[in-house]
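**Q** Take this structure first; my questions come after.
2 protein chains.
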Amino acid sequence: MELKKLGEFGLIEKIARSAGAGFPAVIKGIGDDAAVVRSSKTQCQLLTTDTLIEGIHFERALTTPYLLGKKCIAVNLSDIAAMGGTPVCFVVSLSIPPKTPYEFIHKLYQGMIHRARAFGVSLVGGDTTGSRDHMVITVTVLGTARTDRVIYRHGARAGDRIYVTGFLGDAALGLLLLQRGKALSRIRLLVAKHLDPMPRVAEGNTISRMRLASSMIDISDGLLADLRHILKESQAGAQIWLNHLPLSPQYRQHWQEGADDRYVPALCGGEDYELLFTVPLDKQKRVAALEQACGIPVTCIGEITAKQGALKVLDEQNREVAYGKEGFTHF
Amino acid sequence: MELKKLGEFGLIEKIARSAGAGFPAVIKGIGDDAAVVRSSKTQCQLLTTDTLIEGIHFERALTTPYLLGKKCIAVNLSDIAAMGGTPVCFVVSLSIPPKTPYEFIHKLYQGMIHRARAFGVSLVGGDTTGSRDHMVITVTVLGTARTDRVIYRHGARAGDRIYVTGFLGDAALGLLLLQRGKALSRIRLLVAKHLDPMPRVAEGNTISRMRLASSMIDISDGLLADLRHILKESQAGAQIWLNHLPLSPQYRQHWQEGADDRYVPALCGGEDYELLFTVPLDKQKRVAALEQACGIPVTCIGEITAKQGALKVLDEQNREVAYGKEGFTHF
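Residue numbers (my numbering), protein chains in the order written: chain A, 22 to 352; chain B, 22 to 352.
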């Protein structure tokens with residue numbers, strides 16, 4: 022069997038099974054936004070890694086080395102945020118073609134260091150190697166959390182409401198319009214969401230401290246794709262209410278396709294790096310306090326249902342809507 | 022300036038400078054075998070990462086996926102060992118061409134998981150992505166240690182004796198003879214040292230627990246190259262006694278070049294993954310107990326001198342010997 026046919030998620034599952042149990046320090050291994058490892062009676066360490074490959078995850082022509090560096094860090098901080106944790110430090114492994122201009126590498130590291138520093142996170146090590154012909158950037162972030170406050174993908178229960186921070190679909194829409202040749206000056210805010218995402222670290226921390234969420238994940242592959250991870254781990258279903266999806270003013274302005282396609286980037290577009298979380302009914306009244314603390318919209322977009330694996334998208338008339346493309350798969 | 026001209030070590034230094042200080046949790050950032058980050062009053066976390074690139078660090082034709090997996094873990098465990106720490110878990114980022122046979126990936130992961138499990142270390146996460154045309158494997162290991170027992174590169178003082186675990190040069194010699202077409206069956210033990218190195222985790226732990234070493238590093242780039250790191254961080258010099266270098270029976274049997282070249286693989290060959298450490302004179306008598314605890318040779322090969330940066334290699338008649346090639350540089 023070739024890898025291509027197995028697909029990314031199948032591969033990860035097979036590996037997770039063979040990695041097996043029997044390690045008492047490991048609270049959560051493969052299968053969440055970050056691994057959770059006990060480090061003392063009350064504290065745990067969070068570990069997450071992400072790789073960006075030139076020609077697959079980024080093109081040098083469509084970004085700057087500084088923004089690329091920032092993004093490498095942001096996507097990893099987002100994983101720590103999705104556990105309710107606090108990022109501490111990172112290591113970076115960089116494989117670079119020998120002819121890469123030094124200036125590029127310098128700016129790339131500057132972007133990483135600056136984005137990290139803004140969150141109190143420091144570069145503590147790494148490995149630089151020559152690659153053959155394209156750049157590969159792997160960042161691993163170490164974070165910390167109180168063990169009893171970590172939020173996993175597996176805690177959602179029927180009746181819980183589904184929330185997201187910020188707006189959905191801007192990043193995907195920004196990339197799409199850029200690829201269609203739209204003038205950058207007219208879509209700057211959307212493109213910024215794609216090139217320079219802001220990880221919701223403070224928001225994840227606040228959600229954890231308020232003990233608000235029964236489950237949480239960050240939206241990297243798209244709302245529906247990432248919600249499916251929560252549903253799978255929680256053995257639950259969900260319905261999403263189309264007319265509740267938080268769309269930014271820029272999104273509404275620039276995305277005037279037919280009514281059917283109106284919500285596609287918000288439902289299926291990846292790289293929003295917003296937090297998607299579920300809140301039990303009896304804690305819902307505290308969401309207003311969360312929104313105030315965060316200073317960004319926190320929106321209820323649906324609810325968890327009992328029917329395992331069933332994910333329904335409903336329009337204003339409560340009619341089910343079908344969407345084919347559900348996120349980005351690597352193989 | 023092109024990266025090629027700057028060289029790997031120059032690049033790392035420039036980055037270390039710009040990463041800067043001001044992070045109270047970070048005890049040691051860039052510049053040792055692993056980063057050291059405070060996690061409680063007495064404990065710290067160790068973090069290290071290493072990348073192996075197909076066509077640069079390995080060739081599929083010269084190894085098996087299972088051995089390759091084992092080696093990816095071993096080289097990282099070796100870095101934790103060199104700090105005197107205990108490895109806990111690892112994440113792996115794998116970039117694989119889409120046409121890679123599933124069997125290859127499966128065996129690769131098996132190798133990683135088995136080598137890790139033998140040291141009580143578990144796979145807790147990772148990222149698999151499609152690459153364009155060759156494989157890139159990045160492993161990051163999280164370890165732990167008592168903060169007051171971590172051993173750094175910077176503690177060597179004039180008069181300290183220099184020790185190594187095990188034998189030197191076998192891995193480099195194994196690779197060299199393999200490349201020269203020597204029959205595998207005749208050099209199996211040497212080749213095994215290259216393809217399937219054994220990290221000295223228990224040994225590093227014992228050295229740390231016995232508070233024996235003033236500085237330590239693992240030998241990945243070659244004895245002289247790695248000793249230079251200790252000298253630089255310790256602002257010291259050293260002399261190495263050629264006729265004290267521990268050479269394995271296989272090394273002596275298969276390496277009968279002219280007298281001048283006799284010690285080259287042992288001095289300059291990389292990938293031994295033995296521990297190189299310095300012991301203050303007053304603790305020397307405890308090395309015998311260490312050797313007994315470890316069950317492998319622990320050999321005094323020289324001493325630290327006061328002359329900063331001066332690294333002399335002396336023959337039996339105490340005459341200085343010059344060696345040009347001092348390890349492997351990536352760019």
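In this text, a Cβ means the ideal position worked out from N, Cα and C, and glycines have one as well.
1. Looking at the C-beta of A139(B), does it have a partner C-beta in chain A at a distance below 8 angstroms?
2. Give me the residue from V57(B), E312(B) and V113(B) with the minimum Cα distance to T70(A).
3. What does K333(B) pair with, by DSSP beta-bridge criteria?
4. Could you give the DSSP three-state label for L199(A): helix, strand or coil?
5. Is I94(A) close to chain B, meaning its C-beta is less than 8 angstroms from at least one C-beta of that chain?
6. Under a Cβ-count criterion, where at least 16 other Cβ atoms within 10 Å of its own Cβ denotes burial, should V339(A) be classed as buried or exposed?
7. Do you know offhand how far D282(B)'s Cα is from E295(B)'s?
8. Should G190(A) and P286(A) be called a contact, given that it needs their Cβ atoms to be closer than 8 angstroms?
9. Who are the neighbours of H155(B) on chain A, taking C-beta pairs under 9 angstroms?
10. Specify the secondary structure class of K328(B) as computed by DSSP and reduced to three states.
11. Any C-beta of chain A within less than 8 angstroms: which residues of the segment 59–70 of chain B qualify?
12. Under 8 angstroms, do C321(A) and Y184(A) count as touching if we go by C-beta distance?
13. Kindly indicate the opening and closing residues of the alpha helix (DSSP H) around L252(A).
14. If you draw a straight line from the C-alpha of T121(A) to the C-alpha of E80(A), how long is it?
15. Classify I317(A) as helix, strand or coil using the three-state DSSP reduction.
16. Taking C-beta pairs closer than 7 angstroms, name the residues in chain A that D148(B) reaches, listed in chain order.
17. Here's a check: name, in chain order, each residue in its chain whose Cβ is nearer than 6 angstroms to the Cβ of F349(B), leaving out the five neighbours to either side.
18. Quick one: which residues of the segment 105–132 of chain B get their C-beta closer than 9 angstroms to a C-beta of chain A? List them in chain order.
19. Can G195(A) and V212(A) be called in contact, C-beta distance under 8 angstroms?
20. According to the Cβ coordinates, are T299(A) and S235(A) closer than 8 angstroms?
21. Report the neighbours of A40(B) on chain A: residues whose CB is nearer than 7 angstroms to its CB, in chain order.
22. Apply the 10 Å Cβ neighbour rule to N264(B) and answer buried if 16 or more other Cβ atoms are within range, or exposed otherwise.
23. Which chain B residues sit within Cβ distance under 9 angstroms of F44(A)?
24. Report the three-state DSSP secondary structure of S206(B) (helix, strand or coil).
25. Quick check on the DSSP output: the beta strand (DSSP E) that includes T150(B) runs from which residue to which?
26. Is it true that the segment 153–173 of chain B meets the segment 309–321 of chain B, where meeting means three or more beta-carbon pairs spaced less than 8 angstroms apart?
27. With respect to the beta strand (DSSP E) encompassing I117(B), which residues constitute its N-terminal and C-terminal limits?
28. When you compare the CB of L163(B) with every CB in chain A, is at least one pair closer than 8 angstroms?
29. At which residues does the alpha helix (DSSP H) containing S10(A) begin and terminate?
30. In this structure, how does DSSP classify Y294(B) when only helix, strand and coil are distinguished?
31. In its own chain, which residues sit with a C-beta less than 6 angstroms from the C-beta of D336(A), not counting the 5 before and 5 after it?
32. Let me know if P14(B) comes out buried or exposed under the rule of 16 or more other beta-carbons within 10 Å of its beta-carbon.
33. Indicate the three-state DSSP secondary structure (helix, strand or coil) for K49(B) in the structure shown.
34. Does G348(B) have its Cβ less than 8 angstroms from a Cβ in chain A?
35. Who are the Cβ neighbours of R249(A) in its own chain at under 7 angstroms, not counting the five residues just before and after it?
36. Could you have a look at I158(A) and say whether DSSP puts it in helix, strand or coil?
**A** Judging by the given coordinates:
1. To locate residue 139(B), count along the second sequence from 1; it is residue 118. With a threshold of 8 angstroms between beta carbons, A139(B) makes no contact with chain A.
2. The residue given as residue 70(A) occupies position 49 in the first sequence. Nearest to T70(A) by C-alpha distance, out of V57(B), E312(B) and V113(B), is V113(B).
3. Locating residue 333(B) in the second sequence gives position 312, counting from the first residue. According to DSSP, K333(B) bridges with Q260(B).
4. On the first sequence, residue 199(A) is found 178 positions in, with the first residue counted as 1. In the structure shown, L199(A) sits in a helix (DSSP, three-state: H, G or I).
5. Numbered from 1 along the first sequence, position 73 holds the residue referred to as residue 94(A). Answer no: the Cβ-Cβ gap between I94(A) and chain B never drops below 8 angstroms.
6. Looking up residue 339(A) in the first sequence gives position 318. In the sequence under discussion, the amino acid at residue 339(A) is Asn, which differs from the Val named in the question. Exposed, because fewer than 16 other Cβ atoms sit within 10 Å of the Cβ of N339(A).
7. As a position in the second sequence, residue 282(B) is number 261, starting the count at 1. As a position in the second sequence, residue 295(B) is number 274, starting the count at 1. Cα to Cα, the separation comes out at about 21 angstroms.
8. Within the first sequence, numbered from 1, the residue matching residue 190(A) stands at position 169. Within the first sequence, numbered from 1, the residue matching residue 286(A) stands at position 265. A contact, by the Cβ cut-off of 8 angstroms.
9. Translated into the one-based positions of the second sequence, residue 155(B) becomes position 134. Within chain A, the residues near H155(B) are S152, R153 and D154.
10. Looking up residue 328(B) in the second sequence gives position 307. Residue state, collapsed to three classes: coil.
11. Listed in sequence order: S60, S61, Q64, Q66, L68, T69 and T70.
12. Translated into the one-based positions of the first sequence, residue 321(A) becomes position 300. Translated into the one-based positions of the first sequence, residue 184(A) becomes position 163. Contact: yes.
13. Numbered from its first residue, the first sequence carries residue 252(A) at position 231. Counting along the chain, the alpha helix (DSSP H) containing L252(A) begins and ends at L244 to S255.
14. Locating residue 121(A) in the first sequence gives position 100, where the first residue counts as 1. Locating residue 80(A) in the first sequence gives position 59, where the first residue counts as 1. Taking the straight line from one Cα to the other gives about 14 angstroms.
15. For the purposes of this step, residue 317(A) is taken as the residue at position 296 of the first sequence. I317(A) sits in coil when the DSSP states are folded into three classes, being neither helix nor strand.
16. Locating residue 148(B) in the second sequence gives position 127, counting from the first residue. Within chain A, the residues T70, D71 and T72 have their CB atoms less than 7 angstroms from the CB of D148(B), given in chain order.
17. Taking the second sequence and counting its residues from 1, the one referred to as residue 349(B) is at position 328. The predicted position of F349(B) is uncertain, since its pLDDT is 40 and thus under 50; a value taken from the coordinates is nonetheless stated next. Here the set comprises D242 and G291.
18. Within the segment 105–132 of chain B, the residues whose Cβ lies closer than 9 angstroms to any Cβ of chain A are, in chain order, V109, C110, F111, V112, V113, S114, L115, S116, I117, P118, P119, K120, T121, P122, Y123, E124, F125, I126, H127, Y130 and Q131.
19. For this step, residue 195(A) is matched to residue 174 along the first sequence. For this step, residue 212(A) is matched to residue 191 along the first sequence. The criterion of a C-beta distance shorter than 8 angstroms is satisfied by G195(A) and V212(A).
20. Translated into positions along the first sequence, residue 299(A) becomes position 278. Translated into positions along the first sequence, residue 235(A) becomes position 214. Contact annotation: T299(A) and S235(A) have beta-carbon atoms nearer than 8 angstroms.
21. Within the second sequence, numbered from 1, the residue matching residue 40(B) stands at position 19. Here the neighbours are I134, S143 and L144.
22. Residue mapping note: residue 264(B) aligns to position 243 of the second sequence, counting from 1. It counts as exposed.
23. Along the first sequence, read from residue 1 onward, the residue named residue 44(A) stands at position 23. Under the 9 angstroms cutoff, chain B gives V109, C110, R138, G141, V142, S143 and V145.
24. Residue numbering aside, residue 206(B) sits at position 185 when the second sequence is read from its first letter. Here DSSP, grouped into helix, strand and coil, assigns S206(B) to helix.
25. Working through the second sequence from its first residue, we reach residue 150(B) at position 129. Per DSSP, T150(B) belongs to the beta strand (DSSP E) from S143 to G151.
26. Output reads no: the segment 309–321 of chain B does not touch the segment 153–173 of chain B.
27. Residue numbering aside, residue 117(B) sits at position 96 when the second sequence is read from its first letter. Element bounds for I117(B): T107 to I117.
28. By 1-based counting over the second sequence, the position of residue 163(B) is 142. Yes, its Cβ sits closer than 8 angstroms to a Cβ of chain A.
29. What the structure shows of chain A is the stretch from 22 to 352, and residue 10(A) is not part of that stretch, so it cannot be assessed.
30. Counting from one through the second sequence, the residue named residue 294(B) turns up at place 273. Shown here, Y294(B) sits in coil according to DSSP, grouped into three states, outside any helix or strand.
31. Working through the first sequence from its first residue, we reach residue 336(A) at position 315. Excluding positions up to five away in sequence, the list reads L263 and V342.
32. Summary: the structure shown does not reach residue 14(B), with chain B confined to residues 22 through 352, and so no result is reported for it.
33. Working through the second sequence from its first residue, we reach residue 49(B) at position 28. Reduced to three states, the DSSP call for K49(B) is strand.
34. Residue numbering aside, residue 348(B) sits at position 327 when the second sequence is read from its first letter. Caution applies to G348(B), whose pLDDT of 41 falls short of 50 and renders its modelled position unreliable; the model cannot decide the point.
35. Position 228 of the first sequence, counted from the start, is the residue given in the question as residue 249(A). So the list reads L332, once near-sequence residues are dropped.
36. Within the first sequence, numbered from 1, the residue matching residue 158(A) stands at position 137. Annotated three-state conformation of I158(A) is strand, per DSSP.
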